[in-house]
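K.L.:
In this note's numbering, the protein residues as written are 4 to 174.
Glycine included, every Cβ here is placed at the ideal spot set by N, Cα and C.
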Amino acid sequence: MLRQRARVVEQFDNELRQLARDMVDTMHEADGIGLAAQQIGKTLSICVVDIPEKGDSDEEGNRLHPDVEMPLVLINPRVADSSEETSSYEEGCLSFPDITGPVIRPDDVTVNYQDLDGNEHTISAGFLLGRCMQHEIDHLNGVLFIDRMSHVKRVALGGKLKRLKKKTAGK
Ligand code: ZN
Numbered sequence: 004m005l006r007q008r009a010r011v012v013e014q015f016d017n018e019l020r021q022l023a024r025d026m027v028d029t030m031h032e033a034d035g036i037g038l039a040a041q042q043i044g045k046t047l048s049i050c051v052v053d054i055p056e057k058g059d060s061d062e063e064g065n066r067l068h069p070d071v072e073m074p075l076v077l078i079n080p081r082v083a084d085s086s087e088e089t090s091s092y093e094e095g096c097l098s099f100p101d102i103t104g105p106v107i108r109p110d111d112v113t114v115n116y117q118d119l120d121g122n123e124h125t126i127s128a129g130f131l132l133g134r135c136m137q138h139e140i141d142h143l144n145g146v147l148f149i150d151r152m153s154h155v156k157r158v159a160l161g162g163k164l165k166r167l168k169k170k171t172a173g174k
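1) Thinking Val-114 and Met-136 are a contact (beta carbons under 8 Å), I'd like their distance in whole angstroms, please.
2) Examine the ligand ZN and report whether any of its heavy atoms sits within less than 7 Å of the Cβ of Cys-50.
3) Name the one or two DSSP bridge partners that Thr-113 has.
4) Only counting the same chain, and skipping five residues up and downstream in sequence, which positions put a Cβ closer than 8 Å to that of Ile-36?
5) Compute the Euclidean distance between the alpha carbons of Arg-157 and Arg-8, then round it to the nearest angstrom.
6) What's the C-alpha gap between Glu-18 and Met-4?
7) Do Arg-66 and Ile-107 have their C-beta atoms within less than 8 Å of each other?
8) Any contact of the segment 120-128 with the segment 88-102, i.e. 3+ C-beta pairs under 8 Å?
9) Does the distance between the C-beta of Phe-15 and the nearest non-hydrogen atom of the ligand ZN fall short of 7 Å?
10) Is the separation between the beta-carbon of Ile-49 and that of Leu-75 shorter than 8 Å?
11) Relative to the C-alpha of Val-11, which residue among Lys-45, Asp-101, Ile-102, Gly-161 is closest?
12) In chain order, what residues of the same chain lie with their CB nearer than 8 Å to the CB of Asp-25, ignoring the 5 residues before and after it?
13) Less than 8 Å separating the beta-carbons of Ala-39 and Leu-143?
14) Does the Cβ of Phe-130 lie closer than 7 Å to at least one heavy atom of the ligand ZN?
15) Just to check, is the beta-carbon of Cys-135 closer than 7 Å to a non-hydrogen atom of the ligand ZN?
16) Given 7 Å as the limit, tell me if Leu-164 has its C-beta closer than that to any heavy atom belonging to the ligand ZN.
17) Between which two residues does the beta strand (DSSP E) containing Leu-38 stretch?
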């Protein structure tokens, strides 16, 4: 399921609203900051993000992206632009319990997406919000954070990944 590419959302109806609500609930229950539809067994292009205020503030406590309301529901999101500057950050994923590792990504991205009414929006973001959106949009394309880790790190995680694959086979 996690390897499947998401289908473009075309119907902005009550079913989509319900799915978004379910995804936000699932994300909160798991104490996550992001969730893509594939992670709950759906192949639709929708993901949700909720960065706590502390995770979106500078050292003085000022919000970095004050205009972005959380939780964020992104329908048909795509990365329109990304910075050349990159950095490494220790990422985790709700679909890979107990596994974290450094992932290199662009510092800043511009993401185009639609809201639950089908209206187009653009967010330019860096830091945790920018990174989380990239991680979730990757999910929608069937790309996982372990794919973006170094070969050395993947080899080091080999046993854990194999055990997880065995445990979740057929799910
Ligand atoms: Zn993930």
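P.N.:
Walking through what the data contain:
1) Translated into the one-based positions of the sequence shown, residue 114 becomes position 111. Translated into the one-based positions of the sequence shown, residue 136 becomes position 133. About 5 Å; that satisfies the 8 Å criterion.
2) In the sequence shown, counting from the first residue as 1, residue 50 sits at position 47. No, since every heavy atom of the ligand ZN falls outside the 7 Å radius drawn around the Cβ of Cys-50.
3) Sequence index remark: in the sequence shown, residue 113 carries index 110 (1-based). Note: Thr-113 sits in a beta bridge opposite Asp-84, Ser-127.
4) For the purposes of this step, residue 36 is taken as residue 33 along the sequence shown, with counting starting at 1. So the list reads Met-30, Val-52, Asp-53, Ile-54, Pro-55, Gly-58, Leu-131, Cys-135, once near-sequence residues are dropped.
5) Position 154 of the sequence shown, counting from 1, holds the residue named residue 157. Position 5 of the sequence shown, counting from 1, holds the residue named residue 8. Between Arg-157 and Arg-8, the C-alpha separation is close to 22 Å.
6) As a first step, residue 18 is located in the sequence shown; it is residue number 15 there, counting from the start. As a first step, residue 4 is located in the sequence shown; it is residue number 1 there, counting from the start. Spanning the two alpha carbons is a distance of roughly 21 Å.
7) Here the question's residue 66 lines up with position 63 in the sequence shown. Here the question's residue 107 lines up with position 104 in the sequence shown. Their beta carbons are not under 8 Å apart, which means Arg-66 does not touch Ile-107 by this criterion.
8) no
9) The residue labelled residue 15 in the question sits at position 12 within the sequence shown. For the ligand ZN, not one heavy atom lies less than 7 Å from the Cβ of Phe-15.
10) Along the sequence shown, one-based indexing puts residue 49 at 46. Along the sequence shown, one-based indexing puts residue 75 at 72. Not closer than 8 Å, so no.
11) As a position in the sequence shown, residue 11 is number 8, starting the count at 1. Among Lys-45, Asp-101, Ile-102, Gly-161, the Cα nearest to that of Val-11 belongs to Lys-45.
12) What you label residue 25 is simply residue 22 of the sequence shown in a count that begins at 1. Excluding residues within five positions, the ones whose Cβ falls inside 8 Å are Ile-43.
13) For the purposes of this step, residue 39 is identified with residue 36 of the sequence shown, where counting begins at 1. For the purposes of this step, residue 143 is identified with residue 140 of the sequence shown, where counting begins at 1. A contact, by the Cβ cut-off of 8 Å.
14) Within the sequence shown, residue 130 is the residue found at index 127, counting from 1. Not under cutoff, so the answer is no.
15) Translated into the one-based positions of the sequence shown, residue 135 becomes position 132. Outside the cutoff, so no.
16) Position 161 of the sequence shown holds residue 164. For the ligand ZN, not one heavy atom lies less than 7 Å from the Cβ of Leu-164.
17) Numbered from 1 along the sequence shown, position 35 holds the residue referred to as residue 38. 37-39 is the span of the beta strand (DSSP E), which, as asked, contains Leu-38.
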